[in-house]
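Here the sequence shown stands for residues 450 to 888, where the numbers follow the numbering used here. The beta carbon of each residue, even a glycine, is placed where N, CA and C say it ideally should be. Because the structure is a prediction, the values reported are computed rather than measured. What follows is a set of notes on a single structure, which appears directly below.
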Amino acid sequence: MAKLGKEQIMVAADMVHKGTSVRQVARQMGVSEGALRYRLKKRAEGPGPDGRALQPTATDGYEDAIRAILEAAEDARLTGEGRPMQARRVYDLLARDYGYSGSYQAVVRHLRRTYGVPKLRALRRVETPPGVQAQHDWFEVRTTIAGERVLLPVLVGTLSHSRARFAWASRTADQLAWHTGHLELFRRYGGVPLWVRIDNLKTGVAKGAGASAVLNRSYAIFARECGFEVDPCRPRKGSDKGKTERSVRTFRSRFGDLFERDWSEVEGLQSALDERADRLLDALTCPVTGTSVREALRRERLVLQPVPTMEAPFDVVVSRPVSRDCLVSFEGRRYSVPFAWAGRHVEVYGLHGFVSIRSEGREIARWPRRTEARLLLEPSHFEGDSTERVLRPTPLGRRGRLQVAGLSGASGRTWAALPDPAALTRPIDQYAALVEVLR
Numbered sequence: 450m451a452k453l454g455k456e457q458i459m460v461a462a463d464m465v466h467k468g469t470s471v472r473q474v475a476r477q478m479g480v481s482e483g484a485l486r487y488r489l490k491k492r493a494e495g496p497g498p499d500g501r502a503l504q505p506t507a508t509d510g511y512e513d514a515i516r517a518i519l520e521a522a523e524d525a526r527l528t529g530e531g532r533p534m535q536a537r538r539v540y541d542l543l544a545r546d547y548g549y550s551g552s553y554q555a556v557v558r559h560l561r562r563t564y565g566v567p568k569l570r571a572l573r574r575v576e577t578p579p580g581v582q583a584q585h586d587w588f589e590v591r592t593t594i595a596g597e598r599v600l601l602p603v604l605v606g607t608l609s610h611s612r613a614r615f616a617w618a619s620r621t622a623d624q625l626a627w628h629t630g631h632l633e634l635f636r637r638y639g640g641v642p643l644w645v646r647i648d649n650l651k652t653g654v655a656k657g658a659g660a661s662a663v664l665n666r667s668y669a670i671f672a673r674e675c676g677f678e679v680d681p682c683r684p685r686k687g688s689d690k691g692k693t694e695r696s697v698r699t700f701r702s703r704f705g706d707l708f709e710r711d712w713s714e715v716e717g718l719q720s721a722l723d724e725r726a727d728r729l730l731d732a733l734t735c736p737v738t739g740t741s742v743r744e745a746l747r748r749e750r751l752v753l754q755p756v757p758t759m760e761a762p763f764d765v766v767v768s769r770p771v772s773r774d775c776l777v778s779f780e781g782r783r784y785s786v787p788f789a790w791a792g793r794h795v796e797v798y799g800l801h802g803f804v805s806i807r808s809e810g811r812e813i814a815r816w817p818r819r820t821e822a823r824l825l826l827e828p829s830h831f832e833g834d835s836t837e838r839v840l841r842p843t844p845l846g847r848r849g850r851l852q853v854a855g856l857s858g859a860s861g862r863t864w865a866a867l868p869d870p871a872a873l874t875r876p877i878d879q880y881a882a883l884v885e886v887l888r
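Spelled out as structure tokens, the structure:
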């Protein structure tokens with residue numbers, strides 16, 4: 450038996466008014482004649498008081514408490530502006546602070562009955578010009594690497610204009626992986642956009658969110674060197690990065706079979722992801738241009754910034770003073786730098802496998818990272834002429850040079866007999882003279 454709705458009752462009333470019998474209308478609508486007559490009678494009587502509204506509810510006696518919760522939150526139901534508090538949050542506070550033991554649905558009905566249904570907030574749709582914005586975000590997938598089932602982080606990037614989508618798989622989602630993933634996505638885009646929109650993850654945002662977010666210092670310096678600006682999303686606003694959210698769904702659906710295979714290494718999975726992403730450029734249409742995504746990407750690449758020729762991404766950048774003995778402290782170790790930088794501050798970059806110490810836009814020293822040694826010295830850093838600001842270190846005397854060279858005093862004749870490298874003109878003769886001394 451069909452169920453009569455408001456529109457069906459209106460149609461039935463119109464048909465009866467024009468002379469069609471109630472029995473015939475009921476037969477055509479697939480309902481009983483009695484049910485139709487009852488509904489037509491109720492419609493003719495007009496709206497009356499709903500007896501259900503007079504029944505006691507679980508929220509009786511909590512009206513002032515609910516209003517106090519809404520006032521404390523400056524809820525849009527009272528102010529008429531902003532976003533209304535979620536009914537679930539009202540229910541939780543009512544149960545926690547006022548001992549409410551009723552149901553969640555009773556709170557929902559009370560809010561609707563008392564304050565009405567909240568207004569629908571329209572969403573602004575924004576489309577950026579070519580080369581302006583990309584959206585980056587992590588998602589995780591279960592896959593098998595070398596026989597081991599792992600939860601693998603995958604960084605997804607989408608160029609907002611052309612909708613070109615790429616993915617980069619990583620063993621970790623730490624700071625170094627975050628920077629490396631950006632570079633890998635830029636290489637696949639064929640350039641760097643002006644802006645990158647991100648979620649408020651710790652590798653990107655140190656605190657806050659949206660326009661008031663304080664960026665992670667390492668990431669801020671990385672963005673500066675790459676030439677893009679960072680645009681963090683507002684808190685709990687998935688629509689701010691809707692294109693990447695859509696890309697995640699695309700990768701889960703169209704790439705799902707790749708994650709079900711057993712890969713011997715992450716690089717094999719990455720090659721398969723790149724191949725599938727390349728095919729997807731022809732399969733999808735860019736809604737802005739009406740062309741294939743590949744054609745839209747070809748045009749967008751013309752206005753992207755060049756990919757930086759960065760030797761390696763970094764995960765840590767700190768400012769450190771250079772001591773009088775020309776040393777810089779970093780990660781529990783001390784590294785020497787040329788003496789001309791004594792008393793100044795330099796920037797120390799922690800990269801994969803080595804430490805780069807920079808100043809005035811250039812590298813002044815490089816050392817291996819996380820070595821067992823805690824003090825790393827380069828003798829040439831203490832040589833050279835004085836500068837206008839720093840006097841050169843006192844030169845080593847003969848004994849000092851012997852000890853640094855690992856020679857004893859008895860070996861002095863050997864040291865004295867060594868030729869001056871600048872005066873070497875006949876190496877064979879010089880070697881012969883050295884042999885004579887050592888006899």
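Own chain partners of D727 with C-beta closer than 6 Å, once the 5 adjacent residues on each side are dropped: none
Local Cβ density within 10 Å of T693, reported as buried at 16 or more and exposed below that: buried
Hey, quick one: how far does the beta strand (DSSP E) through L800 stretch, first residue to last? H794 to L800
Enumerated in chain order, which unbroken segments of the beta strand (DSSP E) with a length of 3 residues or greater are wholly contained in the region 592-636? 597-608 and 614-618
When S481, K490 and G483 are compared against M459, the one with the closest alpha-carbon: K490
Under 7 Å between the Cβ atoms of R637 and G659? no
Assuming R537 contacts Y549 under a Cβ cut-off of 8 Å, what Cβ separation, rounded to an integer in Å, is found between them? Contact doesn't hold; Cβ gap of about 13 Å is too wide.
Cβ pair A521, M534 closer than 7 Å: no
So with Cβ pairs under 7 Å, would you call A789 a contact of chain C? Reference to chain C is not applicable here, since this structure consists of a single protein chain.
Selected residue, minimal CA-CA separation from V777, among V853, D524, V795 and R574: V795
According to the neighbour-count rule (16 or more other Cβ atoms, all chains shown, within 10 Å of its Cβ), is H466 buried or exposed? exposed
At the level of alpha carbons, what is the spacing between V766 and V641? 21 Å
So the alpha helix (DSSP H) D706 belongs to, where does it begin and stop? G705 to F708
Decide yes or no for the touch test of the region 784-799 against the region 737-750: beta carbon pairs closer than 8 Å, at least 3 of them. no
Within 7 Å, strictly: CB atoms of R818 and G833: no
Please classify E633: is it buried, with 16 or more other beta-carbons within 10 angstroms of its beta-carbon, or exposed? buried
Buried or exposed (CB count within 10 angstroms, at least 16 for buried), K690: buried
Starting from the C-beta of L560, find all residues in its chain whose C-beta is less than 8 Å away, skip the five residues before and the five after it, and write them out in chain order. I515, R526, A536 and V539
Can you list, in chain order, the stretches of the beta strand (DSSP E) that have 3 or more residues and sit fully within the region 644-681? 644-647, 654-656 and 678-681
Taking the straight line between their C-alpha atoms, what separation do you get for R598 and E709? 10 Å
For D689, name the three-state secondary structure that DSSP assigns. helix
Roughly how many angstroms separate the alpha carbons of R815 and P579, rounded to a whole number? 39 Å
Quick one: measure Cβ to Cβ for F763 and S667, integer angstroms, because I've assumed they're closer than 8 Å. 7 Å
Note down, in chain order, each residue of its chain lying with its Cβ closer than 6 Å to the Cβ of F615, except the 5 sequence neighbours on either side. G606, L634, R637 and A726
For A822 and V839, the rounded distance between their alpha carbons: 28 Å
For P828, does the count of other Cβ atoms within 10 angstroms reach 16, so buried, or fall short, so exposed? exposed
Taking the C-alpha atoms as reference points, what is the distance between D623 and V797? 19 Å
Under DSSP, the beta strand (DSSP E) around R807 begins and ends at which residues? F803 to S808
Could you check what DSSP says for P828 in three-state terms: helix, strand or coil? helix
Could you spell out the range, first to last residue, of the beta strand (DSSP E) harbouring Y784? R782 to S785
Indicate, with yes or no, if the ligand ZN has a heavy atom lying under 6 Å from the CB of P770. In the structure shown, the ligand ZN is absent, as is every other ligand, since no ligand is present at all.
Where do the N-terminal and C-terminal ends of the beta strand (DSSP E) with R811 fall, by residue? R811 to P817
Use the C-beta contact count for Q504: other C-beta atoms within 10 angstroms, 16 or more gives buried, fewer gives exposed. exposed
Apart from the five residues on each side of it in sequence, which residues of its chain come closer than 7 Å, Cβ to Cβ, to R492? I458 and A462
Alpha-carbon spacing of E494 relative to Q473, whole angstroms: 23 Å
Of the choices S481, A791 and V556, whose alpha-carbon is the least far from that of R841? A791
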